[in-house]
Amino acid sequence: MKRTLETLYNVAHVSLGIVEGLECVLIDAIDHIGIAVKNLDEAISVYQNVLGFKLEGIHTLNERKVKVAFFSLGESRIELLEPLGSDSTVAKFLETRGEGIQHFAVKVKNIEAVLEEFKRKGVTLIDEKPRAGAEGAKIAFVHPKSTRGVLLELVEKP
Ligand SMILES: [Zn+2]
């Protein structure tokens with residue numbers, strides 16, 4: 775039953791997008807904002823002790839060469855990212871732009887469908903296929919040149 779409803783939901787959303795040109799219906803909500811930091815422990819202390827954000831968890835993502843901390847913020851979250859090595863994309867970001875917002879992430883219901891739709895429209899994708907994110911999520915990145923300068927992450931929760 776759940777499957778069927780989800781399928782109907784996806785079909786309805788995709789159809790709406792095509793019929794009414796409401797492409798944005800593929801995207802649900804902001805999942806998190808990613809902030810590049812030089813030192814994760816120091817940044818955690820600021821967000822937790824000074825700003826009063828609630829720490830949710832810390833993960834090491836070896837494949838992406840980053841260590842991240844998530845803070846819950848209502849339905850959304852803040853993700854702090856420290857690079858693990860100079861070849862990490864976050865290290866390159868820190869070098870050229872300094873600490874600050876590195877990407878924003880949106881929730882989607884069907885990441886494969888969104889990627890197909892974006893590909894069809896000529897959006898420059900960093901990931902043509904979804905890859906594994908933290909906590910069993912499927913994620914994919916869209917190149918900043920297709921979003922007016924901000925790295926965009928798509929997230930499909932399990
Ligand atoms: Zn992220």
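As numbered in my numbering, residues 775 to 932 make up the sequence shown, in order.
Positions of the beta carbon are idealized from the N, C-alpha and C atoms, including for glycine.
Keep in mind the model is a prediction, meaning the values are calculated, not measured.
Q: Go ahead and label I852 buried or exposed: buried means 16 or more other beta carbons lie within 10 angstroms of its beta carbon, across all protein chains shown.
A: Answer is buried; the Cβ neighbour count reaches 16.
Q: Please list, in chain order, all residues with a C-beta atom less than 5 Å from at least one heavy atom of ligand 1.
A: This criterion selects G808, E853, A879, E927.
Q: Return the first residue and the last residue of the alpha helix (DSSP H) that E886 is part of.
A: Judged by DSSP secondary structure, E886 falls within the alpha helix (DSSP H) whose first and last residues are 885-894.
**Q.** Contact check, V951 vs K881, beta carbons under 7 Å
**A.** As shown, the chain starts at 775 and ends at 932. That puts residue 951 outside it, with no answer to give.
Q: Enumerate in chain order the residues of its own chain whose CB-to-CB distance from G795 is below 7 Å, with the five nearest sequence positions on each side excluded.
A: Residue confidence for G795 is low, a pLDDT of 47 falling below 50, so the modelled location carries little weight; the figure read from the coordinates is stated next. Within the same chain, G795 has no close Cβ partners at all.
Q: Can you say whether K912 is buried or exposed, counting buried as having 16 or more other CB atoms within 10 angstroms of its CB?
A: Label assigned to K912: buried.
Q. Where does K912 fall in DSSP's three states?
A. In the structure shown, the three-state DSSP call for K912 is strand.
Q | Strand pairing of P857, partner residues [DSSP] | A | In the DSSP assignment, P857 forms a beta bridge with V840.
Q. In chain order, what residues of the same chain have a beta carbon less than 7 Å from the beta carbon of P918, not counting five sequence neighbours either side?
A. If we look at P918 and ignore the five residues flanking it on each side, its Cβ neighbours are V924, L925.
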